[in-house]
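First the structure, in the form of structure tokens, and then the observations on it.
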Amino acid sequence: GAVVSQHPSWVICKSGTSVKIECRSLDFQATTMFWYRQFPKQSLMLMATSNEGSKATYEQGVEKDKFLINHASLTLSTLTVTSAHPEDSSFYICSASLPPIAKNIQYFGAGTRLSVL
Amino acid sequence: GDSVTQMEGPVTLSEEAFLTINCTYTATGYPSLFWYVQYPGEGLQLLLKATKADDKGSNKGFEATYRKETTSFHLEKGSVQVSDSAVYFCALSERRDDKIIFGKGTRLHILP
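Structural data, given as structure tokens:
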């Protein structure tokens, strides 16, 4: 099946630094990737939809200058948390879809736990 | 807007017990419905899906039926195993886009 790899799985950083998270589709080309954020005991909240070669579409309330998304190739999307602060500590999850073959089916990475000190 | 509500966990059962995890949804259109499962240390995996009313999704002994009249998609399994211990997410997706809306997840513990 389709595999999505996310790296790193866990990162600790100092307040004010930037952190980059990578999301790769290993055995398929993903024209669309999604970035989610998950708080403890809460649902996955969609942050943005990333299409290869174009600007990401951010959900309402998500700061695009804070969470930079780049989808430069069909197998790689990155999320950069700029000038991270403790309130950015969370679990970040990416996914990729395979339209038009499997519209609405997403394949998920294992997630990245970010801890900002 | 669209939303998904599922029973809060954790749910703890003994091996071979019957499992039900309730899920109800609110949607403006006719969404596809999903159950995703997240095993410890892994990403979410699609467990089963149903795309229209009265459809039954099934996989690995789990079943869920798309009930339009009650806007529900309850997950059931007749005899759970320790290996079923995981977090289960109910979700929906409208046909107009690829976005998926998730419930909060239900953690399931199966005791040997």
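These protein sequences, in sequence, are chains D and Y. For the first sequence, this note's numbering begins at 3 and goes up steadily by one. For the second sequence, this note's numbering begins at 61 and goes up steadily by one. Backbone N, C-alpha and C define an ideal beta-carbon position, used for all residues, glycine too.
- Scanning chain Y for C-beta atoms nearer than 9 Å to the C-beta of D:Leu48 yields Lys159, Ile160, Ile161, Phe162, reported in chain order.
- Straight through space, the alpha carbons of Y:Thr84 and D:Thr114 are spaced by roughly 29 Å.
- Looking at the DSSP output, Y:Leu106 bridges to Y:Tyr96.
- Taking a Cβ-Cβ threshold of 9 Å, none of the residues of chain Y is close to D:Lys66; the smallest such distance is about 17 Å.
- Interface flag for D:Thr34 against chain Y is set, since a Cβ pair is found closer than 8 Å.
- For the region 99-117 of chain Y, the beta-carbon criterion of a distance under 9 Å to any beta-carbon of chain D is satisfied by Gly101, Glu102, Gly103, Leu104, Gln105, Leu106, Lys109, Thr111.
- Cβ-Cβ separation between D:Arg39 and D:Tyr109: approximately 18 Å, too far for a contact (criterion under 8 Å).
- D:Leu48 is the residue among D:Leu48, D:Pro42, D:Gln44, D:Lys43 whose C-alpha sits nearest the C-alpha of D:Met35.
- Residue environment: D:Ile14 is assigned as exposed (fewer than 16 neighbouring CB atoms within 10 Å of its CB, all protein chains considered).
- Y:Gln66 is bridged by DSSP to Y:Cys83.
- Residue nearest to Y:Lys159 within the set D:Asp67, D:Ser92, D:Tyr60 is D:Tyr60 (criterion: CA-CA distance).
- When DSSP states are grouped into helix, strand and coil, D:Val5 belongs to the coil group.
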